[in-house]
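A.B. asks: One structure follows; several queries about it will come next.
2 protein chains.
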Amino acid sequence: MFSQTVEYALRAVVFLADHAPTACTTDQISTATQVPKPYLSKVLQNLGRNNIVRSQRGIGGGVTLVKMPNELTILEVVNAVEPIERIHTCPLGLKSHGTQLCPLHQRMDEALEMVEKSFKQTTVAEMLSEPGGSHPLCENPKAVAYKQVKKRQ
Amino acid sequence: MFSQTVEYALRAVVFLADHAPTACTTDQISTATQVPKPYLSKVLQNLGRNNIVRSQRGIGGGVTLVKMPNELTILEVVNAVEPIERIHTCPLGLKSHGTQLCPLHQRMDEALEMVEKSFKQTTVAEMLSEPGGSHPLCENPKAVAYKQVKKRQ
DNA sequence: TTGAAAATGGACATTGACATCCTGTTTTGC
DNA sequence: GCAAAACAGGATGTCAATGTCCATTTTCAA
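As you go down the protein sequences, you meet chains A and B in turn.
This note's numbering puts the first residue of the first sequence at 1, with every later residue one more than the last.
This note's numbering puts the first residue of the second sequence at 1001, with every later residue one more than the last.
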């Protein structure tokens, strides 16, 4: 139900948040997120156009998040690459359903609304600080501490 | 986020429920639901293989629901044509995430779970008897009464 | 100044969703 | 039995999502 591109974009953003504010290269992100590099670069370009990430060419360059991870919701990321299209008018074009959807499309739109709300309430920072779960993109929980040390070298 | 095919399948099933237990031809369904007939026939075939509908060839034939509308959930319909794939294991294949998803995939799976639950709780019959909304696939609420009369001619 | 690192953009391949068409098969009514 | 109604299934076409490749541009540092 979620496209591959959405999954890839979220992985990339989580990786960037995990390393913020250090810039990361497409190569690094690709390796860690297991997203094919050429395609990842397209996804990142897309995120750039939508002002989710900023990129810097040349040596020492790379990609960084525009916002702080605790101010960036996953809804913003999803909507940048593949907007959640709520159902506003009757898909069949029935005029009498214009303002009031029929129960079928009401239910479908409700489902979309639930997902939208859930994603709007979740920041990227929360993905990294969750107590119970394992750490995104990392094989071993121990790796978190390791990265924290390594980050500012 | 929902595929065209899912939308088509739901329209067809709602139409069939609205006319149950009378059989409807692909032509009738296609006209009412605005689904292209050749493609609709594929969708119906698919629903047939998944035991959601039963079809009868020949003069006077057509398609009918296998279950009563109040016993058929829209989740069953959706899962027949395009199963909601919950996230059970880490998409990156990280072994340590095997049983416990990382927060990212937890959130994504939660969204899927919400949709799944919502669809599981909704029967096709509910689509037709909703008090407030307009009637599915019908331009005018009055048309409901008309069809009720016409149904058993 | 020059070379290496890195993103950018355009062109191209692949795949699956969506859609159409045609032929065959089953069923009914005469 | 025959003709018409209706679904079944295979072959094919189209397009967007996904994925790849390469030349170009930008940036930094030696």
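Every residue gets a Cβ at the ideal spot worked out from N, C-alpha and C, and that includes glycine.
1) Using a Cβ-Cβ distance cut-off of 9 Å, determine whether A:V14 contacts chain B.
2) Buried or exposed for B:E1071, please, with buried defined as at least 16 other CB atoms from any protein chain shown within 10 angstroms of its CB.
3) What number of angstroms, rounded off, separates the C-alpha of A:V14 from the C-alpha of A:M127?
4) If you measure from the beta carbon of A:S134 to each beta carbon in chain B, is any gap under 9 Å?
5) Whose C-beta lies closer than 7 Å to the C-beta of A:V77 among residues of the same chain, with five residues either side of it excluded?
6) Measure the alpha-carbon distance for A:L16 versus A:T26 and round it to whole angstroms.
7) Given this structure, state the Cα-to-Cα distance separating B:Q1106 from B:E1116, to the nearest angstrom.
8) Of all the residues that make up the region 88-118 of chain A, which are near chain B by a beta-carbon distance shorter than 9 Å?
9) My output table needs one value for A:L65: the three-state DSSP class, helix, strand or coil.
10) Run through DSSP, which three-state label would A:V53 get?
11) A:T123 by DSSP, collapsed to three states: which one?
12) Using a Cβ-Cβ distance under 9 Å, would A:K147 count as near chain B?
13) Who are the neighbours of B:I1084 on chain A, taking C-beta pairs under 7 Å?
14) Report the residue from B:G1058, B:A1020, B:P1069 and B:P1091 whose alpha carbon sits nearest the alpha carbon of B:T1123.
15) Please report whether the beta-carbon of A:Q34 lies at a distance below 9 Å from any beta-carbon of chain B.
16) Report buried or exposed for B:A1020, applying the criterion of at least 16 other Cβ atoms within 10 angstroms of its Cβ.
C.D. replies: Let me spell this out:
1) Chain B contact via Cβ: present.
2) exposed
3) Going from the Cα of A:V14 to the Cα of A:M127 covers about 7 Å.
4) yes
5) A9, L10, V13 and I52
6) 10 Å
7) 15 Å
8) C90, P91, L92, G93, L94, K95, S96, H97, Q100, L101, C102, P103, L104, H105, Q106, R107, M108, E110, A111, L112, M114, V115 and S118
9) It is a strand residue.
10) strand
11) strand
12) Reliability of the predicted coordinates at A:K147 is poor, the pLDDT of 39 falling under 50, and the value obtained from them is presented with this limitation in mind. No, because no Cβ of chain B sits closer than 9 Å to the Cβ of A:K147.
13) M1
14) B:P1069
15) yes
16) By the Cβ-count criterion, B:A1020 is buried, with 16 or more other Cβ atoms from all chains shown falling within 10 Å of its own Cβ.
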